[in-house]
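Chains as they are written, first to last, in my numbering: chain A, 1 to 114; chain B, 115 to 227. For glycine and all other residues, C-beta sits at the position ideal for the given N, C-alpha and C. A quick write-up on the structure given underneath.
Right, here's the structure in full:
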C-alpha cells in the first residue's frame, strides 16, 4: 500500500463544473496536508494547506479533511481550462525532531474541456 | 518576495560525469529540501536541512550523491559519477520549518546520456 494514494486520472470535467480530487493516506499520525498544482514541465505550486478536520475554502478551491477516514480532498468550483494540470496531494507525517517530511502522491491529472 | 532560485534549469551530461545543482531558498526560510521527481511521480525527498544541519538524509544515495549547505543559506547537491537512472528533475524547496508550507523552485532537469 502506498503511503499517499491518488487516482492518476485523467479526470475530465466540462468548463464551469466542479472538479473533485481525492487522496487517502496510510499514516495516522499525519499532521498537515497540502495540495500542489503542477503544470506540465513546471514545478509544484502550493494552492491549499489544511491542518484540522473540516473544510477550508480559498476562492474557487475547497480542501476537505477527515482524519478518522484518513482522507483529504480538493474541490475546484467553476473549473476553467487553465485549471488543467496535475494535482499532487502531500502529507506531513512528522519526521526527525518533528520537522516537515512531506510524502507526495503520484498526482491526479485534471483536464477541463471547454 | 523572491521565490526559490535554482540553477541550472537544464543539464545534459554523459554517464560517469559529475554534476552539481545550486539552490538559494526564500529569504528567512531556515529549512531547505532537495527532492527528486521522476516522470509521472510525486517528488521524493532526498535531504532536508535545518540551517546548516542535515536532519534527514536517509533517502540520499550516499555512494554517489552529496550535499552541503554552508552558512545555512544556499545549498549545492552533487552527483558523482552520474548514472543513466539519475535522469530526473531535481527540485529544491524551502520553508520556515515546523509544519509550515514548502515552496518549490523551478527545478533542474537532468538528462544523463
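Contact with chain A by residue i, beta-carbon distance below 8 Å
| i | result |
| --- | --- |
| residue 222 (chain B) | no |
| residue 216 (chain B) | yes |
| residue 199 (chain B) | no |
| residue 205 (chain B) | yes |
| residue 157 (chain B) | yes |
From the options, residue whose alpha carbon lies closest to that of residue i
| i | options | result |
| --- | --- | --- |
| residue 14 (chain A) | A:83, A:102, A:24 and A:87 | A:83 |
| residue 140 (chain B) | B:178, B:175, B:199 and B:165 | B:165 |
| residue 76 (chain A) | A:109, A:102, A:63 and A:24 | A:63 |
| residue 67 (chain A) | A:92, A:109 and A:19 | A:92 |
| residue 224 (chain B) | B:116, B:131 and B:118 | B:131 |
| residue 128 (chain B) | B:196, B:207 and B:222 | B:196 |
| residue 220 (chain B) | B:116, B:120 and B:115 | B:120 |
| residue 103 (chain A) | B:133, B:184 and B:151 | B:151 |
| residue 2 (chain A) | A:112, A:113 and A:90 | A:90 |
Chain B contact for residue i (CB, 8 Å cutoff)
| i | result |
| --- | --- |
| residue 44 (chain A) | yes |
| residue 67 (chain A) | no |
| residue 144 (chain A) | No information on residue 144 (chain A) is available, as it lies outside the stretch 1 to 114 that chain A covers here. |
| residue 56 (chain A) | no |
| residue 75 (chain A) | no |
| residue 88 (chain A) | yes |
| residue 61 (chain A) | no |
| residue 110 (chain A) | no |
One or two residues paired with residue i in a DSSP bridge
| i | result |
| --- | --- |
| residue 6 (chain A) | A:23 |
| residue 167 (chain B) | B:164 |
| residue 113 (chain A) | A:14 |
Any non-hydrogen atom of the ligand ZN within 7 Å of residue i CB
| i | result |
| --- | --- |
| residue 42 (chain A) | With respect to small molecules bound, the structure shown includes none, and the ligand ZN cannot be examined in it. |
Contact set for residue i: own chain, Cβ-Cβ below 6 Å, skip 5 residues either direction
| i | result |
| --- | --- |
| residue 9 (chain A) | 108 and 109 |
| residue 111 (chain A) | 10, 12 and 84 |
Taking beta-carbon pairs under 8 Å, can you tell me which members of the stretch 126–141 of chain B lie near chain A? none
Along the stretch 161–181 of chain B, what residues have a CB closer than 9 Å to any CB found in chain A? 162, 164, 169, 170 and 172
Looking at chain A, which residues of the stretch 183–194 of chain B have a Cβ within less than 9 Å of any of its Cβ atoms? none
Which residues of the stretch 31–43 of chain A have a Cβ closer than 7 Å to any Cβ of chain B? Give them in chain order. 31, 32, 34 and 43
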